[in-house]
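Novice:
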């Protein structure tokens, strides 16, 4: 996989025990995909590279079913994989149609250059957003929260908290300066306004649950996986030659309580 020199990712060997599927409960070897630069990744090309790598490893045992049509979006890919085609040959089957769609369909509706002929150009304006992107909290848990802005000239800045007006259902969460705190379980929306512009983001307050804990010791590193019920911010300490992982405001799931995990 490394020799394929795929932009934006690196590959590492790994060993793990699947919890379901054909190899459930067995120790098997595999490859992990590590994202290094998400801006460089072409997800379609990456998928094709993975598919052809599996095929080339053992062509006689490689199976291709109808799922490939749905994954790639082309009914020709399945037959091309079977015939031994490379990635560029498969991409070539749709590139003409894609380029035609970009030029004659997509570009007619753009709000930015290249503008379609005969329409008013997009009027530049400030854009707001709320960070972090995932606002998942437990009751009593705090998280930083802020408004991120991009002005009419494309310059990013963070408005001072005193200039931002927040609105939220305080039975679910409260916002004080640059902190949001979970109050009661539920789903609500955090809304912010700044210079007559508004933005909002969903907030989820629920119990953090550790469904299972899995690990694998590799030649150069140790891999620990926590199966969690939602996005959680762990506290990780690697001092003293040990790794300590703390999941705040968490409870054990049924598998761990019943002794089925680990």
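Residue numbers (our numbering): 95 to 356.
We put the beta carbon where it would ideally sit given N, CA and C, even for glycine.
Any chance you could list the beta strand (DSSP E) runs of at least 3 consecutive residues sitting entirely within the segment 236–298, in chain order?
Specialist: If we require 3 residues or more, the beta strand (DSSP E) runs fully inside the segment 236–298 come out as 236–238, 240–244, 259–261, 267–270, 273–276 and 280–288.
Novice: Short check: CB of residue 267 to CB of residue 301, under 7 angstroms?
Specialist: The residue you call residue 267 lines up with position 173 of the chain shown. The residue you call residue 301 lines up with position 207 of the chain shown. Contact: no.
Novice: Quick one: complete beta strand (DSSP E) runs, 3+ long, within the segment 325–349?
Specialist: As far as the segment 325–349 is concerned, its whole beta strand (DSSP E) runs of at least 3 residues are 329–331, 338–340 and 344–346.
Novice: Report yes if the C-beta distance between residue 284 and residue 295 is below 7 angstroms; otherwise report no.
Specialist: Position 190 of the chain shown, counting from 1, holds the residue named residue 284. Position 201 of the chain shown, counting from 1, holds the residue named residue 295. Yes, these two residues count as a Cβ contact at 7 angstroms.
Novice: In the DSSP output, what is residue 317 paired with across the bridge?
Specialist: Working through the chain shown from its first residue, we reach residue 317 at position 223. Residue 317 pairs with 310.
Novice: Pull up the distance between the alpha-carbon of residue 290 and that of residue 255, whole angstroms please.
Specialist: The residue given as residue 290 occupies position 196 in the chain shown. The residue given as residue 255 occupies position 161 in the chain shown. Rounded to the nearest angstrom, the two C-alpha atoms are 15 angstroms apart.
Novice: Pull up the CB-CB distance for residue 124 and residue 110, whole angstroms please, since I reckon it's below 8 angstroms.
Specialist: Here residue 124 refers to the residue found at position 30 of the chain shown. Here residue 110 refers to the residue found at position 16 of the chain shown. Confirmed, about 7 angstroms.
Novice: Counting along the chain, where does the beta strand (DSSP E) carrying residue 127 start and finish?
Specialist: For the purposes of this step, residue 127 is taken as the residue at position 33 of the chain shown. From DSSP, the beta strand (DSSP E) with residue 127 extends over 122–129.
Novice: Does the segment 319–326 touch the segment 222–231, meaning 3 or more C-beta pairs lie closer than 8 angstroms?
Specialist: With the cut-off at 8 angstroms, the segment 222–231 and the segment 319–326 touch.
Novice: Residue range of the alpha helix (DSSP H) that residue 137 falls in?
Specialist: The residue you call residue 137 lines up with position 43 of the chain shown. Here the alpha helix (DSSP H) through residue 137 covers 137–151.
Novice: If you pair each beta-carbon of the segment 338–352 with each one of the segment 303–311, do three or more pairs fall below 8 angstroms?
Specialist: A contact exists between the segment 338–352 and the segment 303–311.
Novice: Keeping to the same chain, check which residues put their C-beta closer than 6 angstroms to that of residue 281; ignore five residues upstream and five downstream.
Specialist: The count along the chain shown starts at 1 and reaches residue 281 at position 187. The residues are 298.
Novice: Tell me the residue span of the beta strand (DSSP E) that contains residue 108.
Specialist: Here residue 108 is taken as the residue at index 14 of the chain shown, counted from 1. That run of the beta strand (DSSP E) goes 103–110.
Novice: Would you tell me roughly how many angstroms separate the C-alpha atoms of residue 293 and residue 237, rounded to the nearest one?
Specialist: On the chain shown, residue 293 is found 199 positions in, with the first residue counted as 1. On the chain shown, residue 237 is found 143 positions in, with the first residue counted as 1. Each residue's Cα considered, the two are about 18 angstroms apart.
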